[in-house]
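The sequence shown begins at 88 in my numbering and counts up one residue at a time. C-beta atoms are modelled at their ideal positions from N, C-alpha and C, and glycine is treated no differently. Being a predicted model, the structure only gives us computed values, none of them experimental.
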Amino acid sequence: MTGPGIAGSPTPRLFRDGDEESLLSLIGLAFSRWPAVELSVEPMDHLRWKLRRDAQPPSQHTVVEIDSCLVGAENTWEHVFKAKERRLRVFRTCDSCVHPDYRKRGIYQLAYDFTMKTIAPEMDVHLTASQVRAIIRVAERSGRRRPIANVMQVLVRRLALKTSFGERGLEGDWALSTALLRAGVYIAGSSLKLAHSRPWGAAKPGWTLVPTSRFDERIDTFFDDAASAFDFIGLRTMDYMNWRYGDIRAGDFRITTAEEGGRILGFSVLALSHGRAKIADLLALPGRLDVAASLLGDAIRYAHAARAASIDCWLPRRHPYRSLLRREGFLRTANRPHFFERIGGADEDVAFLDDPSAAIHFTLGDSDLV
Ligand SMILES: CC(C)(COP(=O)(O)OP(=O)(O)OC[C@H]1O[C@@H](n2cnc3c(N)ncnc32)[C@H](O)[C@@H]1OP(=O)(O)O)[C@@H](O)C(=O)NCCC(=O)NCCS
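Below, the structure is given as structure tokens:
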């Protein structure tokens, strides 16, 4: 390896406590906007939150150094998923980056190979969704990664023509306009259906929407029931949920639970970031589309009141809540294909992901994009 300023050879190793400052400055140089989500804490606090070094065991990440300087990194984002009857350790690689002066010299490939050799053997499944060409090129090399057939889609409902946040408007406006034209007739039709399904004077729901900042142990019971409707779903345990959404270092999330007689029937998590509202998660008990609909309606009203330009949601193409989103005027603006790779273990455990109608619950909050 040659080039200005390069003396030694790049060496990958595991992230160590004490690397945080160097890692943050590398990330700052590599990404135009990091983190993706708008925060009220310092980026260092967010990084510490994300690295999960206080977990037991601490999460592992890869860095690449040259002469003791960090020039490359790849963080991991681990989550236990229910995959039919099994529990699988699923990990995504995130914040993959190389110092701008050292790109296209194989450093990312080095980081990736190290991650796969050193960290991946502890895991069961690797998920990737990057749309960056270099990342795709490297991830495809194993020849083992396959698309999750029930493809992830980006659904957007436009709320206001102008955002009050003074930022640029909607990204991908052209896609939205096309989708709007496509869906005009559908919305008109479904509005009529909606008018029939919710007659004036219908009884008020028996549950209450409760704003909260943390999840309590009731979420575990709720999740055990809610998960039964899905073959592939990340565990929404109390500890996980409070790390993911109840920690201010992760973001300012608006959490709402739907409760009846002290029991949780569903919840939603909403984020407001860069002028847009994002549904980080939405989940209700099996068959309780009425509860999911009320949580969704509440999220839309909140986003409207906050003068967000749009409200975004990610869901697999086939998902019980798709009809609710369409009724509420959400339109698909893009696909976000996800790929999986079985690490060791039997491929049959995840073979159902090849089925386009696999029952998958996967939302924006399962990624680090919110
Ligand atoms: C993406 C990134 C990490 C790649 O790092 P890198 O060290 O330059 O990548 P490598 O040199 O290991 O290249 C890996 C492969 O991708 C190819 N590649 C690298 N940059 C590329 C580019 N801009 N476009 C297309 N292919 C590219 C390389 O040619 C190589 O393929 P090859 O071995 O078949 O030739 C780096 O460009 C970066 O930090 N980008 C900004 C941060 C970012 O967007 N991260 C992705 C987050 S999902």
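Does the beta carbon of residue i fall short of 7 Å from some heavy atom of ligand 1?
i, result
"residue 184", "yes"
"residue 118", "yes"
"residue 430", "no"
"residue 364", "no"
"residue 408", "no"
"residue 225", "yes"
"residue 217", "yes"
"residue 222", "yes"
"residue 193", "yes"
"residue 179", "no"
"residue 190", "yes"
"residue 147", "no"
"residue 196", "yes"
CB residue i to CB residue j, shorter than 8 Å?
i, j, result
"residue 215", "residue 163", "no"
"residue 28", "residue 322", "Nothing about residue 28 can be read from this structure; the chain reaches only from 88 to 457."
"residue 114", "residue 159", "no"
"residue 210", "residue 430", "yes"
"residue 356", "residue 124", "no"
"residue 303", "residue 325", "yes"
"residue 307", "residue 171", "no"
"residue 425", "residue 223", "no"
"residue 421", "residue 241", "yes"
"residue 197", "residue 130", "no"
"residue 381", "residue 451", "no"
"residue 153", "residue 187", "no"
"residue 338", "residue 345", "no"
"residue 316", "residue 445", "no"
"residue 102", "residue 150", "yes"
"residue 122", "residue 133", "yes"
"residue 173", "residue 436", "yes"
Pull up the DSSP beta-bridge partners for residue i, would you.
i, result
"residue 99", "151"
"residue 399", "243 and 365"
"residue 213", "178 and 428"
"residue 502", "Look at the range of the chain in this structure, 88 to 457, and you will see that residue 502 is not part of it."
"residue 162", "181"
"residue 346", "295 and 351"
"residue 370", "354"
"residue 360", "363"
"residue 187", "According to DSSP, which records beta bridges pairwise, residue 187 is partnered with nothing at all."
"residue 169", "174 and 320"
"residue 439", "Per DSSP, none; premise fails for residue 439."
"residue 341", "357"
"residue 234", "426"
"residue 448", "320"
"residue 157", "152"
Rounding to the nearest angstrom, what Cα-Cα distance links residue i and residue j in this structure?
i, j, result
"residue 440", "residue 95", "43 Å"
"residue 111", "residue 118", "11 Å"
"residue 281", "residue 343", "Any reading at residue 281 must be qualified, since the residue scores a pLDDT of 41, below 50, and its modelled position is unreliable; no value is offered."
"residue 202", "residue 415", "42 Å"
"residue 379", "residue 367", "14 Å"
"residue 333", "residue 301", "5 Å"
"residue 371", "residue 351", "9 Å"
"residue 341", "residue 182", "25 Å"
"residue 251", "residue 389", "In this predicted model, residue 251 has a pLDDT of only 45, less than 50, meaning its place in the structure is not dependable enough to derive any value."
"residue 127", "residue 358", "12 Å"
"residue 314", "residue 374", "12 Å"
"residue 284", "residue 438", "Summary for residue 284: the model assigns pLDDT 40, below 50, so the residue's position carries little reliability; its value from the coordinates is reported in the next sentence. Taking the straight line joining both Cα atoms gives about 38 Å."
"residue 229", "residue 298", "45 Å"
"residue 185", "residue 226", "16 Å"
"residue 453", "residue 329", "14 Å"
"residue 404", "residue 423", "10 Å"
"residue 432", "residue 386", "40 Å"
"residue 261", "residue 291", "For residue 261, the predicted model reports a pLDDT of 48, less than 50, meaning its position is unreliable and no value from the coordinates is stated."
So residue i packs on residue j, CB below 8 Å; how close in whole Å?
i, j, result
"residue 362", "residue 395", "6 Å"
"residue 178", "residue 213", "6 Å"
"residue 199", "residue 165", "Residue 199 to residue 165, Cβ: 17 Å. No contact."
"residue 243", "residue 418", "6 Å"
"residue 360", "residue 245", "With a Cβ gap of about 16 Å, residue 360 and residue 245 do not count as contacting."
"residue 427", "residue 232", "7 Å"
"residue 347", "residue 293", "5 Å"
"residue 104", "residue 135", "So it is not a contact: roughly 10 Å between Cβ atoms."
"residue 448", "residue 335", "That pair is no contact at about 26 Å."
"residue 443", "residue 237", "5 Å"
"residue 138", "residue 146", "6 Å"
"residue 411", "residue 376", "6 Å"
When the cut-off is 8 Å and only beta carbons count, does residue i lie next to chain D?
i, result
"residue 367", "Any reference to chain D falls outside this structure, which holds one protein chain only."
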